[in-house]
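Position one of the sequence shown corresponds to residue 287 (this note's numbering), numbered consecutively onward.
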Amino acid sequence: VQLQASGGGLVQAGGSLRLSCAASGTISGIGVMGWYRQTPGKQSELVASITKSGRSNYADSVKGRFSISRDNAKNAIHLQMNNMKTEDTAVYYCHVWGLDIGDFWGQGTLVTVSS
């Protein structure tokens, strides 16, 4: 499975960004897709995830501000990030998991929120 992420960048606090991640390769076994983020000196954090059936899960810190969606036909997910805060600054990683295929990670995309 190969993951191609896009959409990171610089935004002011209160602004919005949209991250996208498209999967290719052996995609039939993909179950959960999602985003993690990591800042220097901190453990990586699950930001949001979504199952094939559309069941989503969010970190408490982003609930009400971020929204994850999935397009099963295109094997893609999108993370709409609204009302962003400086603490959202991190490298965001696309992640997929499947019972038969295990874990796969995309390249990180940097999101910087300025005050």
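Heads up, the beta-carbon is just placed ideally off N, CA and C, and yes, glycines get one too.
Member of the options whose CA lies at the smallest distance from the CA of residue i
i, options, result
"residue 399", "344, 378 and 313", "378"
"residue 340", "320, 346 and 367", "320"
"residue 346", "397, 393, 331 and 305", "331"
"residue 363", "371, 369 and 353", "353"
"residue 314", "360, 395 and 380", "360"
"residue 337", "350, 298 and 317", "317"
Cutoff 6 Å; reference residue i; Cβ partners in own chain excluding five residues on either side
i, result
"residue 293", "304, 305 and 306"
"residue 366", "304 and 353"
Counted within 10 angstroms of its Cβ, other Cβ atoms place residue i as buried (16 or more) or exposed
i, result
"residue 289", "buried"
"residue 395", "buried"
"residue 327", "exposed"
Minimum Cβ-Cβ distance from residue i to chain D less than 9 Å
i, result
"residue 303", "Although the question refers to chain D, the structure presented lacks it and comprises just one protein chain."
Nearest-angstrom Cβ-Cβ length linking residue i and residue j, presumed shorter than 8 Å
i, j, result
"residue 376", "residue 325", "5 Å"
**OP:** For the region 317–342, list the alpha helix (DSSP H) runs that are entirely contained and at least 4 residues long, ordered along the chain.
**Re:** none
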